[in-house]
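Read through the structure below, which is laid out as structure tokens, and then see the notes.
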Amino acid sequence: LEAAPQGAITALAPYGAPGAAFAAPGRATPHAGGTLLWAGYGNWLATGDLPASLTAAAAVTDQTDAWAVLRLTGPAPEAVLARLVPLDLRRLHFAPGAVARTLAGHIAGLIHRPQSAPEALEIWLPRSMAAHGLHEIADAMRSQTARAAL
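If you read the sequence shown in the numbering used here, its first letter stands for residue 1417, the second for the next number, and so on.
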């Protein structure tokens, strides 16, 4: 488990119907300066520098200080998060580029399987809940390690 700095994070709310430049619901897509992630009905989060096509098509708000992003790797990140997330995160069902708005323990956030690192899972949490989320994930990691040792 490690921090996964994203650089600038911007929330986007499209004016009207989102165009082709926006990621489809439940998906993340790369753009020239970073990644565009679906973040719930009518909302997207973008990392990195935004192309003009996105800033012209949506209301934008800087969210850089609002999110903490953790990257979970190892032999079984899906098994660890199965203790916290009510989703099937196996690659068969949660392929690279998938994004889900969900609870991680008692914290509302996002889960993302990056296309650039399909063996990893990113957990996006509100920064104000990051310490609590880190504690819950660490507990789940210890539980999974103990189970694997049996």
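Using N, Cα and C, we set each Cβ at its ideal position, and we do this for glycine too.
For clarity, every value in this text was computed on a predicted model and none was experimentally measured.
Item, Value
"DSSP state of H1447 mapped onto helix, strand, coil", "strand"
"Helix, strand or coil at R1506 [DSSP, three-state]", "coil"
"Close beta carbons around G1449, own chain, < 6 angstroms, minus the five adjacent residues each side", "G1464, D1465"
"Proximal residues to T1445 (C-beta, below 8 angstroms), its chain only, five neighbours per side dropped", "A1439, T1451, L1452, G1513"
"Burial state of A1556, where buried means 16 or more other Cβ atoms lie within 10 Å", "buried"
"For G1435, the residue or residues it bridges with in DSSP", "The partner list for G1435 (beta bridge, DSSP) is empty, contrary to what the question assumes."
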